[in-house]
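Residue numbers (our numbering): 267 to 494.
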């Protein structure tokens with residue numbers, strides 16, 4: 267009888283102790299849930315904000331370039347009116363080759379990545395002509411097609427006009443059409459450097475003896491640019 271009573275008391279003590287320990291121990295699922303709920307509001311907004319910033323930053327980029335255009339042999343011409351000596355009221359429209367001198371340029375463009383491989387941009391810059399001597403402010407637009415997404419290498423088509431700042435031969439209405447390729451030589455996290463090669467067609471007018479003369483350049487250009 268005493269043994270039975272002793273065992274009953276021992277079992278009751280053990281059962282009460284086990285219940286107390288179980289009551290005080292936290293549930294593992296509750297710990298994981300609480301931890302997840304505490305961390306999520308802190309990290310998720312930061313992650314979302316950073317992703318949005320990177321996305322917007324990648325869509326808008328800037329590029330500065332300097333280079334020159336050299337007319338190919340026989341591709342620098344001047345078209346002008348020549349008076350007929352036998353009939354002063356009659357004029358002939360003719361042409362002649364002019365000196366093939368390089369045209370220097372400095373361009374800066376603001377570009378927007380509209381599609382994964384296609385971007386559009388606005389261009390401003392300075393153009394320096396040697397024949398005739400003239401300096402002008404360039405403005406125009408550019409379209410870029412990248413071979414690989416988020417890589418500066420690709421094709422571009424650029425159309426410029428020029429507002430003469432200083433001209434010694436009455437340079438008027440200059441325009442340039444440029445088509446070329448951009449080859450990256452250095453790519454870093456926040457900037458890249460590239461070399462460009464393009465064909466260029468340039469046309470403008472100068473003050474002539476009888477009427478405005480037209481000058482045309484067809485040449486090949488080379489440049490070095492940095493994108494950021």
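No residue lacks a Cβ here, since even glycine has one placed at the ideal position from N, Cα and C.
Note that this is a predicted model, so its numbers are computed, not measured.
Which residues DSSP lists as bridging residue i, in chain order
i, result
"residue 492", "330, 459"
"residue 355", "The partner list for residue 355 (beta bridge, DSSP) is empty, contrary to what the question assumes."
"residue 381", "Bridge partners of residue 381: none, in fact."
"residue 472", "479"
"residue 338", "None, per the DSSP bridge assignment."
"residue 450", "460"
Secondary structure of residue i, DSSP reduced to three states
i, result
"residue 325", "helix"
"residue 485", "strand"
"residue 416", "coil"
"residue 437", "coil"
"residue 366", "coil"
"residue 444", "strand"
"residue 430", "strand"
"residue 397", "coil"
"residue 372", "strand"
"residue 294", "Below a pLDDT of 50, predicted positions are generally treated as unreliable, and residue 294, at 48, falls in that range; the measurement from the model is reported next regardless. Here residue 294 sits in helix by DSSP."
"residue 312", "Bear in mind that a pLDDT of 46 at residue 312, under 50, signals an unreliable position, so the number given afterwards is only what the model happens to contain. Note: residue 312 maps to helix in three-state DSSP."
Rounded distance between the beta-carbons of residue j and residue i, thought under 8 Å
i, j, result
"residue 345", "residue 357", "Not a contact, Cβ separation roughly 12 Å."
"residue 330", "residue 491", "6 Å"
"residue 483", "residue 341", "7 Å"
"residue 415", "residue 383", "6 Å"
"residue 451", "residue 369", "Incorrect: roughly 24 Å between the Cβ atoms, too far for contact."
"residue 378", "residue 454", "Not quite, the Cβ-Cβ distance comes to about 21 Å (not below 8 Å), so this is no contact."
7 Å Cβ cutoff met for residue i and residue j
i, j, result
"residue 437", "residue 472", "yes"
"residue 258", "residue 418", "There is no way to answer for residue 258, as the model of the chain reaches only from 267 to 494."
"residue 372", "residue 332", "yes"
"residue 446", "residue 463", "yes"
"residue 390", "residue 411", "no"
"residue 380", "residue 406", "no"
"residue 393", "residue 430", "no"
"residue 327", "residue 493", "yes"
"residue 439", "residue 397", "no"
"residue 409", "residue 428", "no"
"residue 478", "residue 460", "no"
"residue 487", "residue 335", "yes"
Min CB distance residue i to chain D below 7 Å
i, result
"residue 329", "Any reference to chain D falls outside this structure, which holds one protein chain only."
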